[in-house]
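Sequence order for the protein chains is B and V.
So in the working numbering, spot 174 of the first sequence is number 179, and the numbers just go up one at a time.
So in the working numbering, spot 411 of the second sequence is number 416, and the numbers just go up one at a time.
For each residue, glycine too, the CB sits at the ideal point set by N, CA and C.
These figures come from a predicted structure and were not determined experimentally.
There are 2 protein chains.
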Amino acid sequence: MFEKKTYIARRAALVRKMEGRGLVVLPGHVESPVNYLGNTYHFRQDSTFLYYFGLSVPGLAAVIDTDSGEATLFGDDFTVDDIIWMGPQPGITDLAASVGVSRTALFASFTAEVRAAVAKGREVHFLPPYRGETRLLLSGALPAGAAPSADLIRAVVSMRDKKSAEEIEQIEEACAIGYEMHTLAMSMCHPGVTEREIAGAIEGVSLKHGWGVSFHPIVSQHGETLHNHNHSGVLETGRLLLVDAGAEATSGYASDFTRTIPVGGTFTSRQRDIYEIVLAANNLAFDIATPSMRYVDVHLAACRMLIEGLSSLGLIRGSIDDAVATGAHSLFMPHGLGHQMGLDVHDMEDMGEQYVGYDAETPRSTHPSCSACRMGRRLEAGMVVSVEPGIYFVPALIAKWHGGGGPANAAAFIDFGRVESYLDFGGIRLEDDMLITSDGNRLLGTAPDGSPRRIPITPNEVAVAVRDMK
Amino acid sequence: MFEKKTYIARRAALVRKMEGRGLVVLPGHVESPVNYLGNTYHFRQDSTFLYYFGLSVPGLAAVIDTDSGEATLFGDDFTVDDIIWMGPQPGITDLAASVGVSRTALFASFTAEVRAAVAKGREVHFLPPYRGETRLLLSGALPAGAAPSADLIRAVVSMRDKKSAEEIEQIEEACAIGYEMHTLAMSMCHPGVTEREIAGAIEGVSLKHGWGVSFHPIVSQHGETLHNHNHSGVLETGRLLLVDAGAEATSGYASDFTRTIPVGGTFTSRQRDIYEIVLAANNLAFDIATPSMRYVDVHLAACRMLIEGLSSLGLIRGSIDDAVATGAHSLFMPHGLGHQMGLDVHDMEDMGEQYVGYDAETPRSTHPSCSACRMGRRLEAGMVVSVEPGIYFVPALIAKWHGGGGPANAAAFIDFGRVESYLDFGGIRLEDDMLITSDGNRLLGTAPDGSPRRIPITPNEVAVAVRDMK
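This is the structure we're talking about:
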């Protein structure tokens, strides 16, 4: 939690953006049950609630009156019996005061106050709910058919998308935990170890030092399966282990890194050839990204680098420019270069990609390789984005393209004979986190002495991390 | 997952219990979002769905027609695009066949089929929903005001409360993970280590070898705070660390153990005196529990043991029998001796304590120390229960009793002068898991060679585990 003044300033800025537009309604989270009401997952507050109110406490809701500027925190005090079981707990008034809110009310009056505002014809703005409990709360307070507010989304995104120095500090903390997770994974990457053992060990690290993982880790020898959460595999010599994992600091800020590690530490020459292409694309993004660029152009520059590399290996043929134009690379990287990061690992994804990754100036690109890009907008100082190029050999996708199911004209650039000799290859992704600065960018991740610290990434660094850190 | 025949037999038995009573509706779980729809907690299926259908897959629902005996599994196949991202996935027909179900339907028709049955005047039985998403699904399918079915609850409880040999094997697997978690915690229990580091490390163990923790672990030097999930403390010499933690095997079956560990390994004589009383009460339960006994009587026998010990230390005075009768011990142990365990760590808690822990023969005891007992019923072979006596010095509770707020007449047995010299003591709990057998009981937890294996529990065993396993 930051100092009280941070939250006061954020709410004041939001009021200015929404001035005279009635109520802004921000429900917090309740506990999320696993298998019965009393057995809950690790509590995670809603990120926008956290951004404006800073309280990671279940059972709160907030209303900001954009006419008066007043914020109200709704929540209930604990009873003496609760306190016997839970230890001393601050009351709602103290919680509110700690983030500069002076008006509090019982949780039950949240519904009544919102309904009263609706009855008076006042506007009520809310964000798209994504948990069942929040949908139930809002449906009890709002008229049937009430829709989330695009204006509120735009106002919130315009604030949350640029990170302050104190936010960057928290992301750096999450990056430091990510560093420890990934170097531990490397040290465990030996034949006979199970994917589950590594996934569990690195999640343990995230829980030792922070809130936990910023998303369910991907730890798989099937790196070509982009959203693979099956951890049943046993590591085998000659395979590549893809580890996509990050941490949340206890403040809620996230990191997100991917490394692809040869089991035992040594790349085959075929693996190393593909690896070097992906690494070059990752490095290129850091060479070129500046506040003057749209992220879709960083994406396309990285894609061009992939095509150049794949051409040199004979997997893509013909003109580089034409191959990029048709999206031929999207057979190998069917996703975008990255996404924004912050209090969510895919920052603000609950609010909709069209508001977070795109805007009026940069609508979603119609380029065939951009359909899965989460982020295309012009970069601004303070933004944090992931940089995560990859090359995958996805048998089902290769078969689809080979059968004519790819983007128009793209298949002509693919040497399917060669590509199909890679069907057992798997996939490689290399992901780092980038802060856009006033004159360029900076890799996030710092050593204890403050110097930049990148998770081992060159083939030699990785080999050392696997073999010598065991 | 067990063999297909297990699920066929369980559903057939349920149909016999509910025969001619219309539809039994069992919604499975969807993914549970953390901070946006696509970022989810570790998926956990609903336990009753898992019991009858065995499929740990999100987005399923089931209906059992108790007239025809037919079961239907509702769910949708993945698209080719899903498979590119998620890897090859079994279709709904294959999933259903794997657990002996021949009729499948699209997920969307679940609502329509339930509504059609309601429209025809058929009975529809469902269990109390506890997740928002399940409440929303059921409210779309059922008439307003429809109530969970007590008959279905009784039928399900009468099956799930006695564990088969294959279920016990799974609980033993969860116990083996619990052993590793607790011995790791002991080896880390040294001054300067944070509670969070230990909590994270043991959760990592649960994720390496199983599904994860069976509940959010309690790792606290404030053992007197019964539901304490604050892990910010730094271990200090002279304090006691209470660790209440268990694992879920990948099958979903749970373990649940508590140990209380002196930081650094050595008990003070005051700590050891209290510890030995709690240990004697734990051992007593294993000495006396048999299928012929009600668990409330095991609870009261253990409480009597606590009172005898506290009397010998001068904290309780007067007649032992009278002290037990007034519930004087509940100042020190304001909870019951244990709860049932199985697919839920508090097994079937979603269905209501009055059905799970009590029955017509044994309603909740009016004894002043039993108000917080989760389990009072007569034990039966195959039941698994936790045994978790404790002695706590809860400042707020001691103040309440001293001020006249305890149960009638109980305060007269308390030597408040002495008790108040323990206000900084904290609390001790020792918990093991017990299987009721045909002629007695058995401690759950086996060594790799099949012999019984108890997590270190005597003061000497604990000292060795802290000091020598470092």
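- Taking a Cβ-Cβ cut-off of 8 Å, the neighbours of residue 85(B) in chain V comprise 401 and 405, given in sequence order.
- Where residue 165(V) is concerned, the enclosing alpha helix (DSSP H) starts and stops at 155-165.
- It is roughly 23 Å from the alpha-carbon of residue 83(V) to the alpha-carbon of residue 355(B).
- Under the Cβ criterion of 9 Å, residue 51(V) is counted among the residues facing chain B.
- Secondary structure of residue 258(B) (DSSP, three-state): coil.
- One thing to note: residue 67(V) has its Cβ no nearer than 9 Å to the Cβ of residue 123(V).
- Contact holds between the region 25-44 of chain B and the region 52-68 of chain B, because three or more Cβ pairs, one in each stretch, are under 8 Å apart.
- For residue 172(B), there are no C-beta contacts with chain V under 9 Å, since the nearest C-beta of that chain is about 16 Å from it.
- Residue 76(B) has 69(B) as its beta-bridge partners, per DSSP.
- Only 354 and 355 from the region 352-377 of chain V bring a Cβ to less than 7 Å from some Cβ of chain B.
- In terms of CA proximity to residue 306(V), 287(V) leads the group 391(V), 287(V) and 46(V).
- Considering only 152(V), 292(V), 258(V) and 158(V), the residue with the shortest C-alpha distance to residue 170(V) is 258(V).
- Think of a sphere of 8 Å around the beta carbon of residue 382(B): no beta carbon from chain V falls inside it, the nearest being about 19 Å out.
- Just so you know, the alpha carbons of residue 419(V) and residue 320(V) end up roughly 6 Å apart.
- Contact residues of the region 19-51 of chain B toward chain V are 34, 35, 37, 38, 39, 40, 41, 42, 43, 44, 45, 46, 47, 48, 49, 50 and 51 (C-beta to C-beta distance below 9 Å).
- Counting only residues of its own chain and dropping the five nearest sequence neighbours on each side, residue 143(V) has a CB closer than 7 Å to the CB of 32, 131 and 134.
- Separation of residue 74(B) and residue 350(V) (C-alpha to C-alpha, rounded to the nearest whole angstrom) is 47 Å.
- Per DSSP, residue 203(V) is one residue of the alpha helix (DSSP H) stretching across 200-214.
- Residue 227(B) and residue 48(B) have their C-alpha atoms roughly 31 Å apart.
- By the 16-neighbour rule on beta-carbons within 10 angstroms, residue 345(B) is buried.
- Looking at 328(V), 277(V) and 385(V), the one whose alpha-carbon comes closest to that of residue 300(V) is 385(V).
- Ranking 435(V), 155(V) and 220(V) by CA distance to the CA of residue 265(V) puts 435(V) first.
- Of the residues 40(V), 24(V), 180(V) and 28(V), the one whose Cα lies closest to the Cα of residue 353(B) is 40(V).
- Interface criterion met: the Cβ of residue 213(V) is under 9 Å from a Cβ in chain B.
- Within the region 336-375 of chain B, the complete alpha helix (DSSP H) segments at least 4 residues long are 358-361, listed from N- to C-terminus.
- Within the same chain, Cβ atoms closer than 7 Å to the Cβ of residue 442(V) are found at 386, the five residues on either side in sequence being excluded.
- In the DSSP assignment, residue 41(B) is bridged to 44(B).
- Under the three-state reduction of DSSP output, residue 380(B) falls in the coil class, being neither helix nor strand.
- In the structure shown, residue 288(V) adopts helical secondary structure according to DSSP, grouped into three states.
- Counting along the chain, no alpha helix (DSSP H) covers residue 442(V); the unbroken beta strand (DSSP E) around it starts and ends at 437-442.
- Short of 7 Å from the beta carbon of residue 452(B), and not among the five residues preceding or following it, lie these beta carbons of its own chain, in chain order: 458.
- Under the three-state reduction of DSSP, residue 458(B) is assigned to coil, being neither helix nor strand.
- Interface annotation for the region 191-205 of chain V against chain B: 199, 201, 202, 203, 204 and 205, criterion Cβ-Cβ distance under 9 Å.
- In the structure shown, the three-state DSSP call for residue 218(B) is strand.
- With a cut-off of 8 Å on Cβ pairs, the region 110-118 of chain B is not in contact with the region 9-18 of chain V, counting fewer than three such pairs.
- Here the alpha carbons of residue 252(V) and residue 218(V) stand approximately 4 Å from one another.
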